[in-house]
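Residue numbering for the sequence shown follows our numbering, beginning at 155 and increasing consecutively. Each remark here refers to the structure printed beneath this line.
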Amino acid sequence: MTDALNFDCQLVGDDALRLSGADLTRLKAFGRALRQADAFLEVVDGIEDLTVQFDPIEMSPDEALAVLQTFKTKEDASEPEPVAIKTLIVRFDDACGPDLTMVCETLGLGRSELIEQICSADLFVEMMGFTPGFAYIGGLPKTLSVPRLKEPRKRVPAGSLGLAAGKCGTYTLEGPGGWPLIGKVLTPIFDRTQSQPFLVRSGMRLKLLSEESR
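Here is the structure:
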């Protein structure tokens, strides 16, 4: 379905609509507005799309689409709210990033060059997934692309920062993982006492700051 949303819209099952489109920034902003309005059961960011789940007993797909169109009209008529930039302090060393040397050698960069390119990039959280709190972070130079590990680790410490396929990834909780590890996020990114325990969330803008440069 293509309509006044100016996004491509596809029915997924009987209770969800998937939106995609060329203007990814606008699509992500639309997702934030939908979540704040609490108009749907769930609004989930993908790397290049947005999925909206509705209650099929309460509304039909056409009715859900009409709700989306209403919100899109309001969103187009308003100025997009600026997204605050969250700074995360990262320790880049061999103890916290056991694959840091390997990544530098693969990319043909010195350690300081790699850290500079990561920390100077304007980053944003494309989506959450894989494990609770794991953030897929885009915005890196396209040249910073290394493959995942051939054999995933069974245990990755909480707070670890990975680099793979041109993205960074935060292991907010301890668990398995196959991304090369280059450091550790020192900024607290999980607080079980909060209603939203994960500090890093989809749609956020981020800057990474090396512990040594503070």
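Here a beta-carbon is modelled for each residue, glycine too, at the ideal position from N, C-alpha and C.
- Apart from sequence neighbours up to five positions away, the residues of its chain that approach G251 with a beta-carbon distance below 6 Å are L335, I336, G337, ordered along the chain.
- Judged by DSSP secondary structure, F184 falls within the alpha helix (DSSP H) whose first and last residues are 178-191.
- Residue pairing by DSSP places D345 opposite no residue, since no beta bridge is assigned to it.
- In this structure, the beta-carbon distance from V244 to V354 does not fall below 8 Å.
- With fewer than 16 other CB atoms across the displayed protein chains lying within 10 angstroms of its CB, E196 is exposed.
- If you check the CB distance, A275 and L294 come in under 8 Å.
- Between the alpha carbons of V206 and L171 lies a gap of roughly 5 Å.
- Taken atom to atom, the span from the alpha-carbon of D199 to that of K182 is near 7 Å.
- Around the CB of V166, fewer than 16 other CB atoms lie within 10 Å, so the residue is classed as exposed.
- Here the C-alpha atom of G323 lies approximately 10 Å from the C-alpha atom of G283.
- DSSP places T260 in the helix class (H, G or I) of the three-state scheme.
- Under the DSSP assignment, Q271 falls in the alpha helix (DSSP H) whose first and last residues are 265-273.
- Under the three-state reduction of DSSP, S367 is assigned to helix.
- Just so you know, the alpha carbons of K308 and G185 end up roughly 34 Å apart.
- Rounded to whole angstroms, the gap between the alpha carbons of I343 and I239 is 15 Å.
- Between the region 210-219 and the region 264-274 there are fewer than three C-beta pairs closer than 8 Å, too few to call the two in contact.
- Residue pairing from DSSP places I239 in a beta bridge opposite R359.
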